[in-house]
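Protein chains in written order, with the numbering used here: chain A, 1 to 132; chain B, 1001 to 1132.
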DNA sequence: CGCTTGTTGAGAACCGTTGTCAAAGATCGG
DNA sequence: CCGATCTTTGACAACGGTTCTCAACAAGCG
Ligand SMILES: [Mn+2]
Ligand SMILES: [Mn+2]
Ligand SMILES: [Zn+2]
Ligand SMILES: [Zn+2]
């Protein structure tokens, strides 16, 4: 039952630590391969799964359904502003929305309230390089 | 170029009108087949796509990535409070969040801003029948 | 070291969704 | 009505991200 420390798991965590953006499992797999730290794709998926389970990484769904992973600086509840084009991410604090969400849900008689709040856009850099 | 009125499209819209919960394309396809109003699965997908494109239906991603569709009463932009036990859905207006979202994203230099805001909870009925 | 048992990875399987393309049918001018 | 036009349909194949399979491999332990 004990989780074993392997070269592969270490590599995945280290790669995530160096990346600032949300990345897909496949992108991460390619990144690892590119730096010679080759890890099987299935293993990358399993490592990310485990990390997400342990709340060590945040997961969100791209518009096309692909899962994107990121090791955020903040461990507490927060949200994200993500660039659709390059994945650049800004962690967002939303006290306004937090209050709004629980208030609205309670007003409808709902309990155990959870919310999904994600912002998508095109970052300044990507806008500049595409507008040409 | 003109959109043609067909038996299939009518059937999909009518089925959606009678359903109160978010449903997947496959569920809808099965529902249609069950009532003898048989429509090809690809056609159901295309009809839902077109309806979503025209903002006639709302689309929601389930936890497992499957797309769920619903013909909401309100045609304008809004959000949802969904009971995770029974699927009961309440349409939510969020002027507070709308303002917050665009403000936050703009402050970070992002463009073409979109947002995902969904609330999940347990409705009063479901809480009553499970609390004991 | 040897053993035990969790881990790996190449490839197959899975599954929701989209593409293909010949047949069907909606629309319309005549 | 009729036929020409051109969109739509649907069975099936293809696609793409993710999960499964299972024999080979390697942590961790005494
Ligand atoms: Mn929040
Ligand atoms: Mn909104
Ligand atoms: Zn960008
Ligand atoms: Zn309920």
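Glycine included, each C-beta is placed from N, C-alpha and C at the ideal position.
Remember, predicted model here, so these are calculated numbers, not experimental data.
Distance check for residue j and residue i, CA to CA, integer angstroms please.
{"i": "residue 1008 (chain B)", "j": "residue 96 (chain A)", "result": "44 Å"}
{"i": "residue 124 (chain A)", "j": "residue 30 (chain A)", "result": "26 Å"}
{"i": "residue 54 (chain A)", "j": "residue 48 (chain A)", "result": "10 Å"}
{"i": "residue 1061 (chain B)", "j": "residue 3 (chain A)", "result": "32 Å"}
{"i": "residue 1080 (chain B)", "j": "residue 1068 (chain B)", "result": "13 Å"}
{"i": "residue 1005 (chain B)", "j": "residue 1050 (chain B)", "result": "13 Å"}
{"i": "residue 1109 (chain B)", "j": "residue 109 (chain A)", "result": "38 Å"}
{"i": "residue 107 (chain A)", "j": "residue 1092 (chain B)", "result": "11 Å"}
{"i": "residue 25 (chain A)", "j": "residue 45 (chain A)", "result": "6 Å"}
{"i": "residue 1037 (chain B)", "j": "residue 1012 (chain B)", "result": "9 Å"}
{"i": "residue 14 (chain A)", "j": "residue 130 (chain A)", "result": "31 Å"}
{"i": "residue 27 (chain A)", "j": "residue 66 (chain A)", "result": "11 Å"}
{"i": "residue 88 (chain A)", "j": "residue 10 (chain A)", "result": "24 Å"}
{"i": "residue 1077 (chain B)", "j": "residue 43 (chain A)", "result": "41 Å"}
{"i": "residue 1018 (chain B)", "j": "residue 1117 (chain B)", "result": "25 Å"}
{"i": "residue 1023 (chain B)", "j": "residue 111 (chain A)", "result": "23 Å"}
{"i": "residue 59 (chain A)", "j": "residue 1020 (chain B)", "result": "29 Å"}
{"i": "residue 119 (chain A)", "j": "residue 1099 (chain B)", "result": "12 Å"}
{"i": "residue 1032 (chain B)", "j": "residue 1063 (chain B)", "result": "24 Å"}
Using a Cβ cut-off of 8 Å (strictly closer), state whether residue i contacts chain B.
{"i": "residue 64 (chain A)", "result": "no"}
{"i": "residue 58 (chain A)", "result": "no"}
{"i": "residue 108 (chain A)", "result": "yes"}
{"i": "residue 61 (chain A)", "result": "yes"}
{"i": "residue 36 (chain A)", "result": "no"}
{"i": "residue 112 (chain A)", "result": "yes"}
{"i": "residue 46 (chain A)", "result": "no"}
{"i": "residue 6 (chain A)", "result": "no"}
{"i": "residue 141 (chain A)", "result": "Because chain A in this structure spans residues 1 to 132, residue 141 (chain A) falls outside the shown range and cannot be described."}
{"i": "residue 97 (chain A)", "result": "yes"}
{"i": "residue 101 (chain A)", "result": "yes"}
Output needed for residue i: all residues of its chain with C-beta closer than 7 Å, excluding positions within five of it in sequence on either side, in chain order.
{"i": "residue 126 (chain A)", "result": "83, 85 and 86"}
{"i": "residue 102 (chain A)", "result": "113"}
{"i": "residue 1105 (chain B)", "result": "1113"}
{"i": "residue 1057 (chain B)", "result": "1016, 1048, 1051, 1069, 1070 and 1071"}
{"i": "residue 1115 (chain B)", "result": "1101"}
{"i": "residue 122 (chain A)", "result": "83, 84 and 85"}
Cβ of residue i less than 8 Å from any chain A Cβ?
{"i": "residue 1087 (chain B)", "result": "no"}
{"i": "residue 1025 (chain B)", "result": "no"}
{"i": "residue 1105 (chain B)", "result": "yes"}
{"i": "residue 1123 (chain B)", "result": "yes"}
{"i": "residue 1118 (chain B)", "result": "yes"}
{"i": "residue 1075 (chain B)", "result": "no"}
{"i": "residue 1051 (chain B)", "result": "no"}
{"i": "residue 1127 (chain B)", "result": "yes"}
{"i": "residue 1094 (chain B)", "result": "yes"}
{"i": "residue 1133 (chain B)", "result": "Nothing in the structure corresponds to residue 1133 (chain B), since chain B is present only between 1001 and 1132."}
{"i": "residue 1020 (chain B)", "result": "no"}
{"i": "residue 1090 (chain B)", "result": "yes"}
So the beta strand (DSSP E) residue i belongs to, where does it begin and stop?
{"i": "residue 1068 (chain B)", "result": "1067-1070"}
{"i": "residue 112 (chain A)", "result": "111-122"}
{"i": "residue 59 (chain A)", "result": "58-61"}
{"i": "residue 53 (chain A)", "result": "No beta strand (DSSP E) contains residue 53 (chain A), which is instead part of the alpha helix (DSSP H) from 41-53."}
{"i": "residue 91 (chain A)", "result": "89-92"}
Short of 6 Å in beta carbon distance, which residues of its chain neighbour residue i, apart from the five on each side in sequence? Order them along the chain.
{"i": "residue 41 (chain A)", "result": "29"}
Could you give the first and the last residue of the continuous alpha helix (DSSP H) run that contains residue i?
{"i": "residue 30 (chain A)", "result": "25-34"}
{"i": "residue 1014 (chain B)", "result": "1007-1018"}
Given residue i, which residues of its chain have a CB within under 8 Å of its CB, disregarding the five upstream and five downstream residues?
{"i": "residue 74 (chain A)", "result": "91"}
Handout entry: Contact shell at 6 Å, judged by CB to any heavy atom of ligand 2, ordered along the chain
Key = Ordered along the chain, residues surrounding ligand 2 are B:1077, B:1079, B:1094, B:1097, B:1098, B:1115 and B:1117 [Cβ under 6 Å from any heavy atom].
Problem - Around ligand 4, Cβ to any heavy atom closer than 5 Å, ordered along the chain - result: Cβ atoms closer than 5 Å to ligand 4 belong to B:1083, B:1085, B:1086, B:1088, B:1123 and B:1126.
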